[in-house]
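J.: Using this note's numbering, the letters of the sequence shown correspond one by one to residues 1473 to 1856. Idealized CB from N, CA, C, for every residue including glycine. The following block contains the structure, expressed as structure tokens.
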Amino acid sequence: MNTTTEILDSAAKRARLMSSPNSVVFSGDGEPQTPRAIIERLTALHEGGELHPDIYSLGGNVESFEHHMADELGKEAAIWMPTGTLANHLALRRHSRTKARVVLQEQSHIYQDAGDALTRLSGLSSIPLAAGKPYFTAEELQKAIVLSVTGRVLNSIGAVSIESPVRRQAGQVVPWSELDSVTKLCREAGIPVHLDGARLYMMSAATGIAIKKYTELFDSVYVSTWKYFGSPFGAILAGPREFIEGMYHDRRMFGGGLPSAYIATALAMNGQDGFVERFDESLAKAKTLFALINELPGVKIGQFEHGSNVFELQLDPPIDTDRFIDSLLDSGISIPWPSVEWPIPLMHVNSSILRQSDNEILEAFTTASSISRSLLEVTKTLRE
């Protein structure tokens, strides 16, 4: 934006839009959860007799949700965690046991955004592979395995972690062929492999590969319950029964045994119901709509080769990006500004895209293209 006033006006518009039931919000993997929306959902759950308190995250809605998600993910058992960061950490801690090395992507959340927690809290050494890329190959992993057992001091790999989709790489997914090769190598080497599948449901919808087909490759899997199931916080960690059994002690040791978690898990269960169908419909609508938008001059919504629900908004000169995005706000459509991590605006498809028709959204993009183009051209003319 060009001035402080314009920035403040745009921020105010965006805040109002987030609470509107008719807005299309191309950010986040789920619909915006406003205080009013959460209260309304909780009221409906209460009136339906679906709220059952737990005791320190044991029993009640928490236990019901754990059983439900274990079945959803094709695993014997599951445990609820207050955060995905804790779910990933405890999974790798338990897998590794006395072996100190964990192989993961250099671009993963665990390596980049957890403050070296594996080392500082559990004495595990992170071995990052594929710097600046979404995924590593089986060949790269094989080299890491060989190095771990051929040094002067044996320092075996205790676990391998794979994040997919990769948030820092605009939601790009690890191709099925690579997942299959890497996990096969891990099984042959006797190394447990964990899936950081915070956005697993996005990946499944984008590739058409079933959730359980993905999870059967892994010894354990984490899925977020707040990113798109409409819970204010929470995560699920699933795996074999003996792996999950007793992990609530670890959860409490790390400060995650919340005195009460039934509200979060009840909302997650409610949001998970019918989510797959809604998201499939949303992604199909987006692909049809984006093809129409791409016919506008100078506007292209690009798809990654191994993408999920994240697309790039590419605008050619003389379209002004700030004006374009601000114009869309006037039509009830929100697109995030470019960031330091990704200089091109990224559009995240979620079920809010179902709130407006294709024609309404297309008209908004057409208007934004015209307004942002003419304003920039007028400015250039005045300067000349």
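To which residues of the same chain is V1632 closer than 8 Å at the C-beta, ignoring the five residues directly before and after it?
T.: V1574, V1575, L1576, L1613, V1654, C1658, I1663, P1664, V1665, H1666
J.: Following the continuous alpha helix (DSSP H) through S1598, name the residue where it begins and the one where it ends.
T.: Run containing S1598: none in the alpha helix (DSSP H); it sits in the beta strand (DSSP E), 1597–1601.
J.: Leaving aside the five residues before and after T1591 along the sequence, list all residues of the same chain whose C-beta is less than 8 Å from its C-beta, in chain order.
T.: The answer, listed in chain order, is S1597, S1598.
J.: Under 7 Å Cβ to Cβ from F1608, same chain only, skipping five residues before and after it: list those, please.
T.: Q1577, L1601, A1602
J.: Does the beta-carbon distance from L1739 to S1529 come in below 9 Å?
T.: No, Cβ-Cβ distance for L1739 and S1529 is not below 9 Å.
J.: Among L1689, L1672, V1646, A1840, which residue has its Cα nearest to the Cα of E1660?
T.: When only C-alpha atoms are compared, the closest one is L1689.
J.: What residue from T1679, P1704, L1619 has the CA that sits closest to V1645's CA?
T.: Here the closest residue by C-alpha is T1679.
J.: Does DSSP classify Q1828 as helix, strand or coil?
T.: coil
J.: Which residue spans inside the region 1778–1827 form an unbroken beta strand (DSSP E) run of at least 3?
T.: 1782–1787, 1818–1820
J.: What number of angstroms, rounded off, separates the C-alpha of Q1744 from the C-alpha of L1545?
T.: 12 Å
J.: How far does the beta strand (DSSP E) with W1552 in it reach, from first residue to last?
T.: 1549–1553
J.: Tell me where the alpha helix (DSSP H) around Q1579 begins and ends.
T.: Element bounds for Q1579: n/a, residue is neither H nor E.
J.: Does DSSP classify V1645 as helix, strand or coil?
T.: coil
J.: Kindly indicate the opening and closing residues of the beta strand (DSSP E) around H1666.
T.: 1665–1668
J.: Between the Cα of V1821 and those of M1725, Y1673, S1696, L1558, spot the shortest distance and give me the residue it belongs to.
T.: Y1673
J.: I'd like the list of long-range same chain contacts for S1676, defined as Cβ closer than 7 Å, with 5 residues on each side in sequence excluded.
T.: Within the same chain, S1676 has close Cβ partners A1682, I1683, Y1686.
J.: Three-state secondary structure (DSSP) at L1626?
T.: coil
J.: Round the Cβ separation of G1706 and P1554 to the nearest angstrom and send it over; I've been treating them as touching at under 8 Å.
T.: 6 Å
J.: For D1543, count the other beta carbons within 10 Å of its own beta carbon; 16 or more makes it buried, fewer makes it exposed. Which is it?
T.: exposed
J.: Using three-state DSSP, classify L1545 as helix, strand or coil.
T.: coil
J.: Under the three-state reduction of DSSP, which class applies to Q1505: helix, strand or coil?
T.: coil
J.: Could you give the distance in angstroms between the alpha-carbon of G1727 and the alpha-carbon of H1561?
T.: 13 Å
J.: Can you name the start and end residues of the beta strand (DSSP E) that A1682 belongs to?
T.: Where A1682 is concerned, there is no enclosing beta strand (DSSP E), given that its DSSP letter is neither H nor E.
J.: May I ask you to list the residues that DSSP assigns as paired with E1635?
T.: Answer is D1668, bridged to E1635.
J.: Taking the beta strand (DSSP E) that Y1694 falls in, what are its first and last residues?
T.: 1692–1696
J.: Pull up the distance between the alpha-carbon of S1732 and that of L1517, whole angstroms please.
T.: 17 Å
J.: Does the region 1713–1725 come within contact of the region 1633–1643, defined as at least 3 CB pairs closer than 8 Å?
T.: Contact fails: fewer than three Cβ-Cβ distances are below 8 Å.
J.: Give the DSSP-derived three-state secondary structure of K1757 in the structure shown.
T.: helix
J.: Nearest to N1766 by alpha carbon, out of L1826, I1833, I1708?
T.: Minimum Cα distance to N1766 is reached at I1833.
J.: In terms of residues, what are the limits of the alpha helix (DSSP H) holding G1728?
T.: From DSSP, G1728 is part of no alpha helix (DSSP H); its letter is neither H nor E.
J.: Rounded to the nearest angstrom, what separates A1736 and P1704 at their Cα positions?
T.: 6 Å
J.: Can you list, in chain order, the residues of its chain whose CB lies under 8 Å from that of A1642, leaving out five sequence neighbours each side?
T.: F1776, G1779, V1782, E1784, W1814, L1818
J.: Looking at Y1700: is its Cβ nearer than 9 Å to the Cβ of R1724?
T.: No, the Cβ-Cβ distance between Y1700 and R1724 is not below 9 Å.
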